[in-house]
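One structure is given below, encoded as structure tokens.
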Amino acid sequence: MRRGDQGKAGQKGAGERLDNRVLPVMREAVALVQLVLFSRLKKKFAASFSRWPPEKARQHAGSVVNDLFASKVLDRESMQFADEHRDLVETELRALASTLPDLLPLLTDALRMQVMCDHQEGRNSLTTLLRARALGILQEERPLPLPSTFMLAVRRLGVEQGLLQPLQSEDPGGA
662 MRRGDQGKAG QKGAGERLDN RVLPVMREAV ALVQLVLFSR LKKKFAASFS RWPPEKARQH
722 AGSVVNDLFA SKVLDRESMQ FADEHRDLVE TELRALASTL PDLLPLLTDA LRMQVMCDHQ
782 EGRNSLTTLL RARALGILQE ERPLPLPSTF MLAVRRLGVE QGLLQPLQSE DPGGA
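Mapped onto my numbering, the consecutive letters of the sequence shown carry residue numbers 662 to 836.
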């Protein structure tokens, strides 16, 4: 596609860049999906590993989320936990598709949007999607949503999980 042809008929070409104002908002939406996943896993691990102190369940949930999204871990304690429990983290990742099937659509979208944002910033993080596919998490048949559609879906998830307040237009009955 030639540079002048990009955006014809309302479609973005493969080489077209997203508006730089959209990237931070997209990253926030991805972070909200990560937070929901973290919260759900933390509750699951607190029940599954009842002998663990709450801090360990939190670290384990964080390790799973960080691994799935290939997030850099800056906290030495969290890094050490992830290293020491590598096999357990891998087991949880492999079980994620059956453990939280209701989150798979938004996990798929969030991983794809993260890769798109990374690409826009000159980083290749395609291996994140390949790993999610190998783990059975990536729903390849799912169409790629428009950024606005993704952000609205994430907003709804945040409201459902009690992490965000509904917009006035989302709650027509009022309180």
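For glycine and all other residues, C-beta sits at the position ideal for the given N, C-alpha and C.
Closest by C-alpha distance to Ala718, out of Asp680, Phe699, Leu799, Arg773, is Phe699.
The beta-carbon distance between Leu790 and Leu772, rounded to whole angstroms, is 6 Å. This is short enough to meet the 8 Å contact definition. Short of 7 Å from the beta carbon of Phe742, and not among the five residues preceding or following it, lie these beta carbons of its own chain, in chain order: Gln720, Ser724. Boundaries of the alpha helix (DSSP H) harbouring His721: 715-729, taken from the DSSP string. With respect to Gln781, Phe730 sits apart: the two C-beta atoms are not nearer than 7 Å. With respect to Leu765, Gln822 sits apart: the two C-beta atoms are not nearer than 7 Å. Around the C-beta of Thr769, 16 or more other C-beta atoms lie within 10 Å, and the residue is accordingly described as buried. Counted as a single uninterrupted DSSP element, the alpha helix (DSSP H) harbouring Arg817 occupies residues 808-821.
Around the beta-carbon of Leu702, 16 or more other beta-carbon atoms lie within 10 Å, marking it buried.
Counting other Cβ atoms within 10 Å of its Cβ, Glu753 reaches 16 or more and is therefore classed as buried. Rounded to whole angstroms, Arg816 and Asp763 show a C-alpha spacing of 16 Å. Counting of Cβ neighbours within 10 angstroms places Leu818 among the buried residues, the total reaching 16 or more. Pro804 and Leu828 have their C-alpha atoms roughly 27 Å apart.
Distance between Arg784 and Met777, taken at the CA atoms: about 9 Å.
When the alpha-carbon of Ala793 is set against those of Arg737, Ala756, Phe706, the nearest one is in Ala756. Comparing alpha carbon positions, the residue from Ser809, Thr760, Val726 closest to Arg682 is Ser809.
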